[in-house]
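Top to bottom, those sequences are chains A and B.
Each residue of the first sequence is one higher than the one before, counting from 1 in our numbering.
Each residue of the second sequence is one higher than the one before, counting from 1 in our numbering.
Everything below concerns the one structure shown next.
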Amino acid sequence: GNSVTQMEGPVTLSEEAFLTINCTYTATGYPSLFWYVQYPGEGLQLLLKATKADDKGSNKGFEATYRKETTSFHLEKGSVQVSDSAVYFCALSDRGDFGNEKLTFGTGTRLTIIP
Amino acid sequence: GAGVSQSPRYKVAKRGQDVALRCDPISGHVSLFWYQQALGQGPEFLTYFQNEAQLDKSGLPSDRFFAERPEGSVSTLKIQRTQQEDSAVYLCASSLMVGSHQPQHFGDGTRLSIL
Numbered sequence: 001g002n003s004v005t006q007m008e009g010p011v012t013l014s015e016e017a018f019l020t021i022n023c024t025y026t027a028t029g030y031p032s033l034f035w036y037v038q039y040p041g042e043g044l045q046l047l048l049k050a051t052k053a054d055d056k057g058s059n060k061g062f063e064a065t066y067r068k069e070t071t072s073f074h075l076e077k078g079s080v081q082v083s084d085s086a087v088y089f090c091a092l093s094d095r096g097d098f099g100n101e102k103l104t105f106g107t108g109t110r111l112t113i114i115p
Numbered sequence: 001g002a003g004v005s006q007s008p009r010y011k012v013a014k015r016g017q018d019v020a021l022r023c024d025p026i027s028g029h030v031s032l033f034w035y036q037q038a039l040g041q042g043p044e045f046l047t048y049f050q051n052e053a054q055l056d057k058s059g060l061p062s063d064r065f066f067a068e069r070p071e072g073s074v075s076t077l078k079i080q081r082t083q084q085e086d087s088a089v090y091l092c093a094s095s096l097m098v099g100s101h102q103p104q105h106f107g108d109g110t111r112l113s114i115l
């Protein structure tokens, strides 16, 4: 079956530091890959996505590249801000047996940025 | 707003009681998903609807869990004879189309606590 493994947290960084959160996946088909973010007290929000190999998703200074050869989708940001403090989830969607594209999530990585 | 709406936000019930959780998806969205998120974990798939048809219920943990979407819009997740292990956040998500790797839009969830 499908699975997502992401870097365990919590991760604490100083403002303006470089961020990497690792994510690898196992899938039987050709999945789409996503990063979702959950800010304190809020619901899950899509951060970025990539739908095929070598695609790069980007949003709000975050980037992730779909690497089929290493089955990875690592999240990066060059200079983090306090407002980036949140829980980040890596996820994949693959056509299920019934045609639905249910998401399989990693366990989440809690990121805290200190001023 | 035009987002996914879930109610109630919080629900406390005694063990053995029945509960019903409501989801109003984004208008016009064909696909609707329910997920269960245990504390400190990523969401896990429960069930999927395409319009009013429940096409995949493979993630429902037991026959105490039941979901419906009778008119292809609002959905209700019902849990009968609740047990403490049912305590979790229940998330609803909707997406516009089927089969196009569309992102899912999440509600804020219902936090269910079973005493």
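Glycine is no exception: its CB is placed at the ideal position from the N, C-alpha and C atoms.
Since this is a predicted model, take the numbers as computed values, not measurements.
Chain A places a beta carbon closer than 8 Å to that of residue 45 (chain B), counting this residue as a contact. Residues of the same chain with a CB within less than 7 Å of the CB of residue 8 (chain B), apart from the 5 flanking positions on each side, are 110 in chain order. For residue 98 (chain B), no beta strand (DSSP E) segment is defined, and its DSSP state is neither H nor E.
Proximity to residue 24 (chain B) across B:64, B:87, B:69 peaks at B:69, based on C-alpha coordinates. Residue environment: residue 80 (chain A) is assigned as buried (16 or more neighbouring CB atoms within 10 Å of its CB, all protein chains considered). Look at the stretch 49-80 of chain A: the residues with a C-beta under 8 Å from a C-beta of chain B are 49, 51. In this structure, the straight-line span from the alpha carbon of residue 48 (chain B) to that of residue 72 (chain B) is close to 12 Å. Within the same chain, and ignoring the five residues on either side of residue 17 (chain B) in sequence, the residues whose Cβ sits closer than 7 Å to its Cβ are 82. For residue 109 (chain A), the number of other beta carbons within 10 angstroms of its own is at least 16, and it is reported as buried. The residues 109, 110, 111, 112, in chain order, have a CB closer than 8 Å to that of residue 10 (chain A) in the same chain once the five nearest residues on each side in sequence are set aside.
For the stretch 82-113 of chain B, residues whose beta-carbon sits nearer than 9 Å to a beta-carbon of chain A comprise 91, 93, 95, 98, 99, 100, 101, 102, 103, 104, 105, 106, 107, 108, 109.
Partner residues in the beta bridge of residue 37 (chain B), as assigned by DSSP, are B:89. Taking every protein chain shown into account, the CB of residue 10 (chain B) has fewer than 16 other CB atoms within 10 angstroms, so this residue is exposed. In this structure, residue 105 (chain A) places its C-beta atom within 8 Å of the C-beta atom of residue 42 (chain B). Residue pairing from DSSP places residue 45 (chain A) in a beta bridge opposite A:37. The residues 29, 101, in chain order, have a CB closer than 8 Å to that of residue 95 (chain A) in the same chain once the five nearest residues on each side in sequence are set aside.
With fewer than 16 other beta carbons inside 10 angstroms of its own, residue 114 (chain A) counts as exposed. Within the stretch 81-111 of chain A, the complete beta strand (DSSP E) segments of 3 residues or longer fall at 86-93, 103-105, listed in chain order. At a cut-off of 8 Å between C-beta atoms, residue 10 (chain B) does not count as an interface residue with respect to chain A.
Among the CB atoms of chain A, one or more fall inside 8 Å of the CB of residue 55 (chain B).
Residues of the stretch 20-53 of chain B with a C-beta atom less than 8 Å from some C-beta of chain A are 31, 33, 35, 40, 41, 42, 43, 44, 45, 48, 50, listed in chain order. Between residue 37 (chain B) and residue 46 (chain B), the C-beta spacing is not below 8 Å.
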